[in-house]
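Residue numbers (my numbering): 1337 to 1442.
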């Protein structure tokens, strides 16, 4: 299944690359009022992809920091719980002087 998925992704990539290289005509790109430049269509589309990716990364950055903080807090809580459990398991048991009384009381 992994190879089929990889093959489909590769096929889609080849189709998109073919379309990109076939559409190399110049388009007018206006970046400010009365400021335009003629660029190949592939450059404009790739630039839009890069700008969208950068904005997406910045949009997810706050969530990433919040999740990293929560992960650190939960990791410390697990460590603390593990330490308490280990201390409970190794705590000394109160032993009376007469072992016969201990076995009879059980």
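Ideal placement from N, C-alpha and C gives every residue a C-beta, glycine not left out.
For residue i, tell me which candidate among the options has the shortest Cα-Cα distance.
i	options	result
residue 1375	1369, 1388, 1390, 1359	1359
residue 1365	1413, 1357, 1379	1379
residue 1382	1395, 1398, 1402, 1355	1355
Would you mind reading off the limits of the beta strand (DSSP E) that contains residue i?
i	result
residue 1373	1371–1376
By DSSP's criteria, residue i is part of a beta bridge. Which residues make up the other side?
i	result
residue 1390	Its beta-bridge partners do not exist; DSSP assigns none.
residue 1364	1374
Which whole-angstrom value describes the C-beta separation of residue i and residue j, a residue pair presumed to lie in contact below a C-beta threshold of 8 Å?
i	j	result
residue 1363	residue 1377	5 Å
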